[in-house]
């Protein structure tokens, strides 16, 4: 029997943990600048980070077999929370997204990013792969239900990401290319119908995404200001705490969804490449885990979670750089926000559990 | 063990997943390259373009707060003023070491620990390039000392801002109230855009009641700022609309007489014009100096004000609930006549005590051996308790409640400054609801002399007194006279001259009761006869002495035996001149002893001052 390190005992994957801690550190540094050098904001975020790390390590202790047994219930719990938030939720910025739990407020839609892949992985790993038509049909139903509930809040960005998360699990499970293509085509074709159900502000965002200069002081303002911030950063950036765009109040939402623009302005292209390298390191470590584990459930869940993580990064960066519409998706581990942080870390806890318990079984 | 009826080829499935994961990896790399390409485009190729845009991106819109309207009295005395005061402010961005800086500054101007604590608090709320005040109200000496050494303190400025001053300090504190820094509670009820840039908001008194008019409308300027956020030039300006000046009905010279009369005493004086409800004087003693509240009073002073047994922060005129004592008698007299319980000439024998049929308890008169035969006029004039014990018993609590409510007791008068309490006119329903007990006949008996659970506020007393003077017309007391636009001079009338007529009463009844009230002051058997000597006008009044301390059946009340805070309250209500009323007053001196000795002489001073062309009474 090999000698166990502390990390091994704690079921922690050292390289994954290293990447996550580096990202959190970068997040705090940028947040200090974006939040107007307010130490209280940074302190609150670091407390959230510590809580998130504790949650991650706690979840890593649960064997994957146990997680698999709980999966469906976790999925149903997520749905129940989404219904609750629609009925009784706390309204912030015109949308019902929050549940007030007394001590803290909680965003059930974020939790669904974890619960949906778990439910789907449980469903698909139970039988042969690639899944049969009936199972694909049930999977689609399991995806659409939470997506519609989240879109009703309305929170288009998270709805999109939850949909992507489900889509990725199906993709990895080996649904045929032809069927994937057909599904994409159906979604494209139904776009005009979906347009009808969108809120005014959501439609305006899509129109201004297509042409931001139409409304420079209204809906296009976010995109234009963020592009100026990024572009003026140049190759090496203006330096930490020196971003004029972000510090003179021109850049909106600079601690949350648009924090990437602050990063780009102050650290330049070189800084961004470094940040991307850390992100890619974490993603590839995650994918390696997905490929190397034996259990099908673990494979599907690990790859689904890590691809969702990537989707968040891509959608946020695309939105801030003006390549995608402004849909309100935070930059993982960097943007301020407790629920998103805890859910992300919980997902990495699941990854670590899948990875570390495997060794024990094989011995 | 049941056999799996489907076949799982684990190796094949793993390969499938692996293929898909590899596809995903390629997709990830592709999309990341797309983002990088976009960033290269923005940050390298178009960099110059965006640098120019960011340089030009400097137009900001700043609010210009309006100047707050002033508050004047009816005789033109300034009650609330804006005076420039100097504050010492620091721009954190330009200071290297704040602790060191503050230490060096404290050698030039006085900096207390509270100042530093407040500075730290404000520092967290503001941005690095916004100036944060360290000290308010610098003296001219301190400003001069700083000016000499200014070059040693980059990033520190002396800034002149208008601050609210209340020149009459405690004398008008309960009328004018004060403004204070806007806090979170205020933010909820205020229009945020209109208050952008405003620091203060009315918290109490007229400052709060007429906040909307006093504040005005915010203006805006479009400015060009440099990269540090400092204003370089103004591009466009929409001037603010200054707040309106408010003119109150208060007569400051009368107010000062009232303040002086209550000097070193606890009590309340309210004087109104019975014809229209204009408040002429409103004093709650002791008052407090509102000036320290403007920029945040220090905790020690505030705690002392709150803890003081003299409760200077309570506005006794609106919030003081007192047993009315014998001042209730004229009102019940009108009621007894109106309900036909007593004829005007009907007499009652007063032996010095009263008891209910079959009851043991003796309700005693203030005059030990009795008043003899009494009719209503005598009973008011000499304040005979026995007459009123039986009157109240015959009226019954239901009709007493009805009549007193019609005079406006037990509900708010609706005066235009906030904080008023409704007082209490008891009824058997009230007692059942609150105490779940039946009403006892004895309670009705003592209600006849204004004792028991009945509680009135001075503002209710004076409004009811005005109703006596008006023979049943109930006015709405108010402080606001008019608002004037300081630029155009345009006048908006604010007077609330509404009134209502009381329900039951016929003109003949008022004459009997008000005639008796004149006898209280001007007949040689009246309880307030000493205060009516030598007046060129006639006063109608009623004394009252409210007991706070229950004494046993066979004991006698002696002021010296009772601690001060349990001694009787002295009350007096009056109006003058009796035939053409111009002023009505209600006076309460807490623990002041008897109404005739303590409260009535104050009314005489007020009337002499107001009616005899501000000539003070020698006596």
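Residue numbers (this note's numbering), protein chains in the order written: chain A, 2 to 364; chain B, 318 to 936. The beta-carbon is built from N, C-alpha and C at its ideal position, and this holds for glycine as well. Since we're looking at a predicted model, the values are computed, not measured.
Query, Result
"Less than 8 Å between CB atoms is the rule here; does residue 345 of chain B satisfy it with respect to chain A?", "yes"
"At least one CB of chain A closer than 8 Å to the CB of residue 510 of chain B: is that the case?", "no"
"What are the boundary residues of the alpha helix (DSSP H) that residue 782 of chain B is part of?", "775–786"
"Is the Cβ of residue 41 of chain A closer than 8 Å to any Cβ of chain B?", "yes"
"With a threshold of 8 Å between beta carbons, is residue 28 of chain A in contact with chain B?", "no"
"According to DSSP, residue 859 of chain B sits in a beta bridge with which residue or residues?", "B:890"
"Which bits of chain B does residue 46 of chain A rub up against, with CB to CB less than 8 Å?", "Simply none; closest approach about 16 Å."
"Beta-carbon separation of residue 53 of chain A and residue 260 of chain A under 8 Å?", "no"
"CB-CB under 8 Å to residue 94 of chain A, same chain, minus the five flanking residues each way: which ones, in chain order?", "Only weak support is given to the placement of residue 94 of chain A: the predicted model assigns it a pLDDT of 48, under 50, and the question is left unresolved by the model."
"Suppose the cutoff is 8 Å on Cβ atoms and the five residues either side in sequence are ignored; what does the same chain contact list for residue 30 of chain A look like?", "241"
"Taking beta-carbon pairs under 8 Å, can you tell me which members of the segment 156–182 of chain A lie near chain B?", "169, 172, 173, 174 and 175"
"Applying a beta-carbon distance threshold of less than 7 Å, which residues of chain A neighbour residue 359 of chain B?", "228, 231, 232 and 322"
"Our contact map puts residue 566 of chain B next to residue 528 of chain B with C-beta atoms below 8 Å; I'd like the distance itself, whole angstroms only.", "With a Cβ gap of about 19 Å, residue 566 of chain B and residue 528 of chain B do not count as contacting."
"Should residue 428 of chain B be listed as close to the ligand FMN, given that the test is whether its C-beta is under 7 Å from any heavy atom?", "Judged by which ligands are present, the structure shown has none, so any question about the ligand FMN falls away."
"In the DSSP output, which residue or residues are listed as bridge partners for residue 479 of chain B?", "B:401"
"For residue 869 of chain B, which residues from the same chain have a beta carbon less than 7 Å from its beta carbon, with the 5 sequence-adjacent residues on both sides left out?", "Confidence in residue 869 of chain B is poor, its pLDDT being 49 and thus under 50, which makes the residue's placement too unreliable to answer from."
"For residue 888 of chain B, tell me which candidate among B:782, B:357 and B:907 has the shortest Cα-Cα distance.", "B:907"
"Is any beta-carbon of chain A found at less than 8 Å from that of residue 371 of chain B?", "yes"
"Do residue 1001 of chain B and residue 602 of chain B have their C-beta atoms closer together than 8 Å?", "Past the edges of chain B, shown from 318 to 936, lies residue 1001 of chain B, and the structure says nothing about it."
"Could you check how far apart the C-beta atoms of residue 556 of chain B and residue 804 of chain B are, in whole angstroms? I think they sit under 8 Å.", "Incorrect: roughly 10 Å between the Cβ atoms, too far for contact."
"Using a C-beta to C-beta distance shorter than 8 Å, which residues of chain B count as neighbours of residue 304 of chain A?", "334, 337, 338 and 341"
"Let's test the definition: count the other Cβ atoms within 10 Å of the Cβ of residue 723 of chain B and tell me whether it reaches 16, buried, or not, exposed.", "buried"
"Where are the beta strand (DSSP E) runs, 3 residues long or more, that stay fully inside the segment 510–568 of chain B, in chain order?", "517–519, 536–542, 548–555 and 562–565"
"So what's residue 2 of chain A in DSSP terms, helix, strand or just coil?", "With a pLDDT of only 42 at residue 2 of chain A, under 50, the local geometry of the prediction cannot be trusted, and no value is derived from it."
"Measure the Cβ-Cβ separation of residue 411 of chain B and residue 484 of chain B and say whether it is below 8 Å.", "no"
"Does any CB atom of chain B fall closer than 8 Å to the CB of residue 291 of chain A?", "yes"
"Just grab the DSSP bridge partners of residue 233 of chain A for me.", "None; residue 233 of chain A has no bridge partner."
"Just to confirm the assignment, what range does the alpha helix (DSSP H) spanning residue 799 of chain B have?", "Not the alpha helix (DSSP H): residue 799 of chain B falls in the beta strand (DSSP E), residues 797–801."
"Would you call the segment 608–622 of chain B and the segment 744–754 of chain B touching, i.e. three or more CB-CB distances under 8 Å?", "no"
"How about residue 1 of chain A and residue 109 of chain A: do their beta carbons lie closer than 8 Å?", "This structure cannot settle anything about residue 1 of chain A, because the visible part of chain A is limited to 2 through 364."
"Express the C-alpha separation of residue 291 of chain A and residue 132 of chain A in angstroms, rounding to a whole number.", "19 Å"
"Determine whether the Cβ of residue 131 of chain A lies closer than 8 Å to any Cβ atom of chain B.", "yes"
"Could you pull the DSSP bridge partners for residue 596 of chain B from this structure?", "B:589"
"I'd like the list of long-range same chain contacts for residue 668 of chain B, defined as Cβ closer than 6 Å, with 5 residues on each side in sequence excluded.", "687"
"Residue 366 of chain B touches chain A at which residues, Cβ-Cβ below 8 Å?", "232"
"I'd like to know whether the C-beta of residue 308 of chain A is nearer than 8 Å to at least one C-beta of chain B.", "yes"
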